[in-house]
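K.L.:
Dropping the structure in here first, questions after.
Protein chains in written order, with the UniProt record's numbering: chain A, 1 to 465; chain B, 1 to 465.
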């Protein structure tokens with residue numbers, strides 16, 4: 001069995017001579033087996049082994065006994081042991097996420113901390129061949145594609161390795177028994193234990209009895225076979241990313257990608273999203289197909305994506321960007337601040353407009369334009385500054401003719417301004433108060449009345465494109 | 001539902017205007033539904049519909065009632081109806097194959113006969129969406145690859161079409177009920193009904209209850225998704241077939257193919273085997289991997305394949321050929337016939353040997369060589385001809401010292417001659433009787449004794465290479 005694991009390690013290039021390896025050690029049979037085997041082969045490869053254990057504080061005494069077992073195991077084996085206690089229930093409540101997700105996040109956070117602090121090269125995880133088959137079956141039933149059917153990978157990001165993914169559970173149990181390792185029983189590993197136990201204890205035994213007694217190996221062979229297909233396609237995806245995707249502050253996907261075959265197109269988009277966002281999860285086929293539909297739609301069409309991303313069709317190319325950063329950037333860039341004194345006979349440029357400011361005395365003979373891009377305000381009600389900017393979250397104003405304040409968002413809704421346009425409408429503020437949402441609404445605060453002495457006229461002229 | 005089917009037909013390009021379509025009509029709900037729908041849309045496409053029914057004579061009266069129902073259904077619908085009675089049990093016994101395979105063979109034979117005789121363009125089969133999901137699950141459990149997980153194809157060879165592969169079983173049953181079609185119950189469709197019923201009645205309901213109530217659609221979505229991947233890879237397979245495979249009397253696969261990625265390599269070999277042999281079934285991944293191993297072995301290595309094919313490594317290229325044709329050709333080519341009178345002091349060339357014939361009087365003073373490539377025979381026991389050839393099926397001889405006859409094959413086995421070498425050993429026959437299996441055994445029939453007058457000496461000399 002040791003030889004089988006060494007062959008697997010060599011084939012998959014999991015371990016290099018001299019590696020410092022941190023084992024995720026729950027204390028269950030799989031991780032105890034993995035640690036034991038790694039210690040065993042550590043001379044061959046000149047390895048330095050350590051263990052990381054998380055006490056999820058979910059099962060009271062039992063969890064503490066697991067921790068004690070792990071500590072004593074590591075002491076006997078003479079390896080470093082790092083333990084962290086995490087109150088998962090508290091995190092679940094605080095963040096409103098599942099215990100499964102909280103567990104995953106905390107686990108990986110802890111591993112990464114230890115890896116950096118103690119210069120580990122690899123983090124070893126204890127998934128076995130049965131886990132692999134169960135994972136493939138679960139994904140199949142939940143809905144997946146080729147990538148999912150390939151199963152868990154033996155190596156991820158060059159750091160996370162699974163050296164015993166080639167070993168069956170019963171082999172592991174026998175080994176533990178023979179070597180009297182007395183591992184703890186895995187009561188929960190914080191994954192969706194209900195489904196996995198159903199697969200493990202009901203579905204697989206049923207299939208074994210009625211269809212194929214060798215189902216674990218059959219499914220694993222399928223996974224290996226499909227991994228060759230996935231590998232083949234992924235080589236073209238790499239090319240395609242180079243050829244069609246431009247990663248800067250924004251991700252630009254060239255329209256030519258959308259002429260490629262669907263297998264390549266969908267994978268390239270998915271891959272580009274992951275590379276750009278640095279997030280591995282939450283991008284689904286639905287989002288990919290939405291982006292394809294967006295590209296076939298007209299320019300300016302937008303789409304919200306997970307992780308605060310949005311996609312926009314810009315003349316048939318697709319731009320992906322972070323909404324928040326983009327908005328902050330956009331607002332920062334499109335922001336003009338003028339002193340009150342600088343206003344008269346001044347013309348400034350604001351995005352696609354020129355804005356003309358004129359101050360004149362109120363002599364009662366002014367002819368007011370009814371152009372929605374020309375407005376008049378009481379100049380003396382401005383105390384210091386005038387700012388032209390785009391909308392921000394929480395913007396409010398006192399609309400002309402009303403006594404109360406209203407959210408700009410609601411005004412947009414009342415005026416049926418399409419969501420996609422709202423970000424581009426200039427907003428004129430006097431001091432910190434909104435005086436004019438251009439083309440839509442002026443403020444009660446700065447309106448002209450009989451006592452107005454000086455009138456500020458603001459005129460917007462759309463630039464020639 | 002009709003619209004859904006029309007959309008499916010258009011998407012998959014199953015039917016052209018003016019097509020003559022033969023429906024495989026068992027009388028069960030699926031095929032009755034299919035026939036009814038095709039008749040319904042026949043005006044849109046100007047179709048001519050006919051039906052083919054096979055009475056497998058397996059269930060006595062019931063099978064006859066099915067036949068009667070189908071005849072009456074077609075008469076009412078005003079379409080041609082072709083019926084064939086096939087005694088499947090008899091065929092199973094005669095050919096020693098499963099009833100499943102016998103059914104498949106007979107079915108396709110009948111369809112092809114009708115198609116040619118009555119100029120049908122398409123043959124329509126009544127598989128539905130549930131069949132598809134069941135098939136994918138069954139293949140998964142039995143062991144498969146990407147091609148298998150794609151499921152049944154909507155179109156095969158441009159002739160076999162499955163227009164209702166997009167429709168769920170319950171939709172079909174409702175339709176039949178509504179339209180009072182009263183289809184027969186499919187008691188057996190001659191496929192592996194035990195496994196399929198287990199999947200249909202136990203496994204899928206279990207998955208629905210415990211994992212995913214929408215499992216049928218989930219699996220079908222997977223099939224569609226994977227079909228895009230399969231399509232993508234297959235385009236490269238087409239190129240690869242052109243580039244590396246030479247289809248003549250033999251199939252020559254260039255060694256350069258074996259440097260390609262495994263996904264492409266395995267598929268190209270499989271595809272080349274199918275194209276060359278014109279057989280779709282029985283080539284398994286095991287055979288493909290064996291061919292890859294053969295190519296990595298030394299020149300001259302051979303491998304038996306299904307359908308009387310064999311693969312040979314010829315200086316790192318792989319040659320695939322039909323064993324029978326090859327053997328006949330080989331034997332025909334390597335065949336030398338000499339008249340008895342032509343023997344003395346003659347040297348002939350036979351493959352890698354020169355054969356030297358010398359006739360001399362038996363004067364009792366001849367020194368016999370113990371070289372296994374030199375033998376002596378009683379010249380007068382030859383009546384007319386001497387033939388040098390390679391082995392044929394059924395070859396027998398009377399070995400020296402034995403009174404009975406023995407199969408040459410058994411002699412090869414006794415002498416532990418490797419299979420691969422047996423085809424290359426020269427066999428010398430006097431008239432029609434084997435006198436010498438060169439290097440191995442001479443015959444009792446032509447041995448020299450005291451009364452021998454003339455001695456024929458045959459000496460083989462291996463040519464310089």
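The beta-carbon is built from N, C-alpha and C at its ideal position, and this holds for glycine as well.
(1) Thinking just about the alpha-carbon of each residue, which of 324/A, 138/A, 6/A is nearest to the one in residue 44/A?
(2) In the DSSP output, what is residue 245/B paired with across the bridge?
(3) Closest to residue 169/A by CA distance: which of 156/A, 142/A, 200/A, 147/A is it?
(4) Can you list the residues of chain A that residue 229/B reaches, using a CB-CB cut of under 7 Å?
(5) Less than 8 Å between C-beta atoms, sequence neighbours within five positions excluded: which residues of the same chain meet that for residue 427/A?
(6) Have a look at residue 346/A and residue 358/A and give me their C-alpha separation to the nearest angstrom.
(7) DSSP has residue 50/A in a bridge; who is on the other side?
(8) Pick out whichever of 176/B, 115/B, 56/B has its Cα sitting closest to the Cα of residue 102/B.
(9) Is the beta carbon of residue 137/B closer than 8 Å to that of residue 22/B?
(10) Can you have a look at residue 281/A and say buried or exposed, based on whether 16 or more other CB atoms are within 10 angstroms of its CB?
(11) Using a 10 Å radius around the Cβ and a threshold of 16 neighbouring Cβ atoms, would you call residue 93/B buried or exposed?
(12) Mind checking whether residue 161/A and residue 109/A have CB atoms under 8 Å apart?
(13) Buried or exposed for residue 163/A, going by 16 or more other Cβ atoms inside 10 Å?
(14) For residue 276/B, count the other beta carbons within 10 Å of its own beta carbon; 16 or more makes it buried, fewer makes it exposed. Which is it?
(15) Mind listing the chain A neighbours of residue 143/B? Cutoff is C-beta to C-beta under 8 Å, in chain order.
(16) Give the range of the alpha helix (DSSP H) segment to which residue 16/B is assigned.
(17) Could you tell me the boundaries of the beta strand (DSSP E) in which residue 348/B lies?
(18) What residue from 117/B, 274/B, 135/B has the CA that sits closest to residue 223/B's CA?
(19) Compute the beta-carbon to beta-carbon distance between residue 320/B and residue 253/B, rounded to the nearest angstrom, for a pair I have assumed lies under 8 Å.
(20) Does the beta carbon of residue 271/B sit closer than 8 Å to a beta carbon anywhere in chain A?
(21) By the three-class DSSP mapping on this structure, what secondary structure does residue 297/B have?
(22) Are any of the Cβ atoms in chain A nearer than 8 Å to that of residue 54/B?
(23) What are the boundary residues of the beta strand (DSSP E) that residue 312/B is part of?
(24) Quick check: what's the CA-CA separation for residue 337/A versus residue 221/B?
(25) Return the CA-CA distance between residue 190/A and residue 95/B, expressed in angstroms with no decimal places.
(26) Using a Cβ-Cβ distance under 8 Å, would residue 190/A count as near chain B?
(27) Does DSSP put residue 429/B in a helix, a strand or coil?
(28) What first and last residue would you give for the beta strand (DSSP E) that runs through residue 457/A?
(29) Can you find a CB in chain B that lies within less than 8 Å of the CB of residue 215/A?
(30) So residue 195/B contacts chain A; which residues on that side make the cut at Cβ distance below 7 Å?
(31) Within the same chain, show all residues whose beta-carbon is closer than 7 Å to that of residue 402/A, passing over the 5 residues directly before and after it, in chain order.
(32) Taking just the CA atoms, how far does residue 69/B sit from residue 264/B?
(33) The beta strand (DSSP E) that contains residue 387/B, what's its start and end?
(34) Taking 7 Å as the cut-off, is the C-beta of residue 8/B nearer than that to any heavy atom in the ligand PLP?
(35) Please identify the residue among 150/A, 366/A, 355/A whose C-alpha is closest to the C-alpha of residue 450/A.
(36) Which one of 302/A, 172/A, 41/A, 65/A has the shortest CA to CA distance from residue 29/A?
P.N.:
Let me lay it out:
(1) Here the question's residue 44/A lines up with position 44 in the first chain. It is 6/A.
(2) Taking the first residue of the second chain as 1, we reach residue 245/B at position 245. According to DSSP, residue 245/B bridges with 253/B.
(3) For the purposes of this step, residue 169/A is taken as residue 169 along the first chain, with counting starting at 1. For residue 169/A, the nearest C-alpha among the options comes from 200/A.
(4) Residue numbering aside, residue 229/B sits at position 229 when the second chain is read from its first letter. By Cβ distance, chain A contributes 146, 229, 233, 263.
(5) Position 427 of the first chain, counting from 1, holds the residue named residue 427/A. The residues are 388, 389, 390, 391, 395, 408, 434, 436, 437, 438.
(6) Along the first chain, one-based indexing puts residue 346/A at 346. Along the first chain, one-based indexing puts residue 358/A at 358. Approximately 7 Å between the Cα atoms of the pair.
(7) As a position in the first chain, residue 50/A is number 50, starting the count at 1. DSSP lists 22/A, 80/A as partners of residue 50/A.
(8) What you label residue 102/B is simply residue 102 of the second chain in a count that begins at 1. Cα-wise, what sits closest to residue 102/B is 56/B.
(9) As a working note, residue 22/B is residue 22 in the second chain. As a working note, residue 137/B is residue 137 in the second chain. Cβ atoms of residue 22/B and residue 137/B: not closer than 8 Å.
(10) Along the first chain, read from residue 1 onward, the residue named residue 281/A stands at position 281. Taking all protein chains in view, the Cβ of residue 281/A is surrounded by fewer than 16 other Cβ atoms within 10 Å, so the residue is classified as exposed.
(11) Here residue 93/B refers to the residue found at position 93 of the second chain. Result: exposed.
(12) Translated into positions along the first chain, residue 161/A becomes position 161. Translated into positions along the first chain, residue 109/A becomes position 109. In this structure, residue 109/A does not lie closer than 8 Å to residue 161/A by Cβ.
(13) In the first chain, the residue the question calls residue 163/A occupies position 163. Burial state of residue 163/A is buried, judged by a 10 Å Cβ sphere holding 16 or more other Cβ atoms.
(14) As a first step, residue 276/B must be located in the second chain, where it is residue number 276. Its Cβ being crowded by 16 or more others within 10 Å, residue 276/B is buried.
(15) Within the second chain, numbered from 1, the residue matching residue 143/B stands at position 143. By Cβ distance, chain A contributes 212, 218, 221, 222.
(16) Position 16 of the second chain, counting from 1, holds the residue named residue 16/B. From DSSP, residue 16/B is part of no alpha helix (DSSP H); its letter is neither H nor E.
(17) Working through the second chain from its first residue, we reach residue 348/B at position 348. Counting along the chain, the beta strand (DSSP E) containing residue 348/B begins and ends at 346-350.
(18) Residue numbering aside, residue 223/B sits at position 223 when the second chain is read from its first letter. With distances taken between Cα atoms, residue 223/B lies closest to 135/B.
(19) Mapped onto the second chain, residue 320/B falls at position 320. Mapped onto the second chain, residue 253/B falls at position 253. Confirmed, about 7 Å.
(20) Indexing the second chain from 1 puts residue 271/B at position 271. Closer than 8 Å: no.
(21) Looking up residue 297/B in the second chain gives position 297. Looking at residue 297/B - three-state DSSP - the assignment turns out to be coil, as it is neither helix nor strand.
(22) The residue you call residue 54/B lines up with position 54 of the second chain. No, residue 54/B lies away from the interface with chain A (no Cβ there is under 8 Å from its Cβ).
(23) Taking the second chain and counting its residues from 1, one reaches residue 312/B at position 312. Run containing residue 312/B: 309-314, per the beta strand (DSSP E) assignment.
(24) Stepping through the first chain from its first residue, residue 337/A is reached at position 337. Stepping through the second chain from its first residue, residue 221/B is reached at position 221. Roughly 55 Å between the two C-alpha positions.
(25) Counting from 1 along the first chain, the entry for residue 190/A is found at position 190. Counting from 1 along the second chain, the entry for residue 95/B is found at position 95. Any answer about residue 190/A is weak, because its pLDDT of 49 lies below 50 and its placement is not dependable; what the coordinates show is given next. Those two C-alpha atoms are separated by around 57 Å.
(26) Taking the first chain and counting its residues from 1, the one referred to as residue 190/A is at position 190. At residue 190/A the pLDDT is 49, less than 50, meaning the model places this residue with poor confidence; the figure from the coordinates comes in the next sentence. False, the Cβ-Cβ gap to chain B never drops below 8 Å.
(27) Looking up residue 429/B in the second chain gives position 429. The answer is strand: DSSP assigns residue 429/B an E or B state.
(28) Locating residue 457/A in the first chain gives position 457, where the first residue counts as 1. Element bounds for residue 457/A: 454-462.
(29) As a working note, residue 215/A is residue 215 in the first chain. It does; some Cβ of chain B falls within 8 Å.
(30) Position 195 of the second chain, counted from the start, is the residue given in the question as residue 195/B. Within 7 Å Cβ-Cβ: 211.
(31) Indexing the first chain from 1 puts residue 402/A at position 402. Once the five neighbours on either side are set aside, the close Cβ partners of residue 402/A are 444.
(32) Numbered from 1 along the second chain, position 264 holds the residue referred to as residue 264/B. Numbered from 1 along the second chain, position 69 holds the residue referred to as residue 69/B. If I take the Cα positions, the gap works out to 49 Å.
(33) Counting from 1 along the second chain, the entry for residue 387/B is found at position 387. First-last of the beta strand (DSSP E) with residue 387/B: 385-389.
(34) As presented, the structure is devoid of all ligands, the ligand PLP included, so that no description of it is given.
(35) To locate residue 450/A, count along the first chain from 1; it is residue 450. Of the listed residues, the one whose Cα sits closest to residue 450/A is 366/A.
(36) The residue you call residue 29/A lines up with position 29 of the first chain. With distances taken between Cα atoms, residue 29/A lies closest to 172/A.
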